[in-house]
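Data first, discussion second: the structure below is written as structure tokens.
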Amino acid sequence: MVRGMTKTWIAALALGLVSLTASADPAVPAKKAPPAPAAKPVTVKLADAKGKAIGTATLTSVDNGVSIALDLHDLAAGDHAIHVHQTAKCDGPDFKSAGGHFNPDNKHHGMDNKEGPHAGDMPNFKTNAKGGVKATVVAPNVSLTAGDAHSVFTGGGTALVIHAKADDMKSDPAGNAGDRIACGTIVGDTVPAAAPTK
Ligand SMILES: [Cu+2]
Ligand SMILES: [Zn+2]
Numbered sequence: 056m057v058r059g060m061t062k063t064w065i066a067a068l069a070l071g072l073v074s075l076t077a078s079a080d081p082a083v084p085a086k087k088a089p090p091a092p093a094a095k096p097v098t099v100k101l102a103d104a105k106g107k108a109i110g111t112a113t114l115t116s117v118d119n120g121v122s123i124a125l126d127l128h129d130l131a132a133g134d135h136a137i138h139v140h141q142t143a144k145c146d147g148p149d150f151k152s153a154g155g156h157f158n159p160d161n162k163h164h165g166m167d168n169k170e171g172p173h174a175g176d177m178p179n180f181k182t183n184a185k186g187g188v189k190a191t192v193v194a195p196n197v198s199l200t201a202g203d204a205h206s207v208f209t210g211g212g213t214a215l216v217i218h219a220k221a222d223d224m225k226s227d228p229a230g231n232a233g234d235r236i237a238c239g240t241i242v243g244d245t246v247p248a249a250a251p252t253k
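Numbering (our numbering), first residue to last: 56 to 253.
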């Protein structure tokens, strides 16, 4: 009798444990370990030549580079070049302060250039008839990893620059993309790779 009760209790406990574990599962979905330490997304605020806000770009680390989610307005309708420039300084109206394209490997301009591309080069994007866009462009040769040679945080940061025209993807130094019409600095609010250990 006593032995029987004990067995029943053990069985009940075991069942209880199993059901607890099972019910806990949906709340904690199995996470796949990321291939590299995931850097925090970075939001870049862009302004036009007059200093007016034209939206944001959210940079996220992806397997093939940095994904740049654009949410922009008040641009001219059509195709525009976008690059990472080397200096985190956006002084209007010409934004020359941002310097040339981010180019840690001393290459030439353009994704279709045999001697390129600059690390800061990436595909064009297109705005709608109202001059707005919600689209994602992937910059394949930069990273959000502080300390990496291709990190957008190199040398105190870089700048995201939008041009009046499309990039031809081959002409030095900047793909014949015309004026710099908008700019936003890329600076991390934290240093992603160096989390404090206490
Ligand atoms: Cu540019
Ligand atoms: Zn370039």
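The beta-carbon is built from N, C-alpha and C at its ideal position, and this holds for glycine as well. From a predicted model like this one, the values you see are computed outputs, not experimental measurements.
* Where the beta carbon is closer than 5 angstroms to any heavy atom of ligand 1, which residues qualify, in chain order? -> HIS138, VAL216
* Based on Cα-Cα distance, which residue from GLY120, LEU130, THR98, MET224 lies nearest to HIS163? -> One-based indexing of the sequence shown puts residue 163 at position 108. The candidate whose alpha carbon is nearest that of HIS163 is MET224.
* Asked: Using a threshold of 8 angstroms, is the CB atom of GLY230 nearer than that to any non-hydrogen atom of ligand 2?
  -> On the sequence shown, position 175 is the one that residue 230 refers to. Flag set: Cβ of GLY230 near ligand 2.
* Inside the segment 127–214 only - alpha helix (DSSP H) runs reaching at least 4 residues -> none
* Are the Cβ atoms of ILE241 and LEU114 separated by less than 9 angstroms? -> Position 186 of the sequence shown holds residue 241. Position 59 of the sequence shown holds residue 114. Closer than 9 angstroms, so yes.
* Within its chain, find whatever has a CB closer than 8 angstroms to the CB of ASN158; leave out the 5 residues flanking it on each side and keep chain order. => Mapped onto the sequence shown, residue 158 falls at position 103. Within the same chain, ASN158 has close Cβ partners GLN141, HIS173, ALA174, GLY175.
* **Three-state class that DSSP yields for SER226 in the structure shown** => The residue you call residue 226 lines up with position 171 of the sequence shown. Residue state, collapsed to three classes: coil.
* Which residues does DSSP pair with GLY110 in a beta bridge? -> What you label residue 110 is simply residue 55 of the sequence shown in a count that begins at 1. According to DSSP, which records beta bridges pairwise, GLY110 is partnered with LEU101, LEU127.
* Does any heavy atom of ligand 2 sit closer than 8 angstroms to the C-beta of GLY239? -> For this step, residue 239 is matched to residue 184 along the sequence shown. Because no heavy atom of ligand 2 lies under 8 angstroms away, the Cβ of GLY239 does not count as near it: no.
* Where PRO148 and LYS169 are concerned, what is the direct C-alpha to C-alpha distance, given to the nearest angstrom? -> Numbered from 1 along the sequence shown, position 93 holds the residue referred to as residue 148. Numbered from 1 along the sequence shown, position 114 holds the residue referred to as residue 169. The straight-line gap from Cα to Cα measures roughly 33 angstroms.
* Own chain partners of SER198 with C-beta closer than 6 angstroms, once the 5 adjacent residues on each side are dropped -> Here residue 198 corresponds to residue number 143 of the sequence shown, with the count starting at 1. Closer than 6 angstroms at Cβ, skipping near neighbours: HIS205, SER206.
* To do: Quick one: residues in its chain with C-beta nearer than 6 angstroms to the C-beta of GLY233, no 5 flanking neighbours on either side, listed in chain order?
  => Here residue 233 corresponds to residue number 178 of the sequence shown, with the count starting at 1. So the qualifying residues of the chain are HIS218, ALA219, LYS220.
* Should PRO172 be counted as a contact of ligand 2 given a C-beta to heavy atom distance under 8 angstroms? -> Start at 1 with the first residue of the sequence shown, and residue 172 comes out as number 117. True, at least one ligand heavy atom lies under 8 angstroms from that Cβ.
* If you drop the 5 nearest sequence neighbours on each side, which residues of the same chain put their C-beta closer than 6 angstroms to that of THR61? -> By 1-based counting over the sequence shown, the position of residue 61 is 6. Residue confidence for THR61 is low, a pLDDT of 49 falling below 50, so the modelled location carries little weight; the figure read from the coordinates is stated next. Contacts found: none.
* Asked: From this set, ASP134, ALA104, GLY243, which residue's C-alpha is nearest LYS185's C-alpha?
  -> To locate residue 185, count along the sequence shown from 1; it is residue 130. Ranking ASP134, ALA104, GLY243 by Cα distance to LYS185 puts ASP134 first.
* For ligand 2, is there a heavy atom less than 8 angstroms away from the beta-carbon of HIS205? -> Along the sequence shown, one-based indexing puts residue 205 at 150. Every heavy atom of ligand 2 is 8 angstroms or more from the Cβ of HIS205, so no.
* Under a Cβ-count criterion, where at least 16 other Cβ atoms within 10 Å of its own Cβ denotes burial, should THR191 be classed as buried or exposed? -> By 1-based counting over the sequence shown, the position of residue 191 is 136. Result: exposed.
* **THR76 (DSSP reduced to helix, strand or coil)** => Stepping through the sequence shown from its first residue, residue 76 is reached at position 21. Residue confidence is low: THR76 scores 44 on pLDDT, short of 50, so the model does not pin down where it sits. Its coordinate-derived value is still stated next. THR76: helix per DSSP, three-state reduction.
* To do: Name the residue from ILE236, ASP227, PRO228, ALA214 whose alpha carbon lies nearest to the alpha carbon of VAL99.
  => Position 44 of the sequence shown, counting from 1, holds the residue named residue 99. The candidate whose alpha carbon is nearest that of VAL99 is ALA214.
* Alpha-carbon spacing of PRO247 relative to THR111, whole angstroms -> Position 192 of the sequence shown, counted from the start, is the residue given in the question as residue 247. Position 56 of the sequence shown, counted from the start, is the residue given in the question as residue 111. Low confidence applies to PRO247: its pLDDT is 46, below 50, so where it sits in the model is not reliable enough to give any reading.
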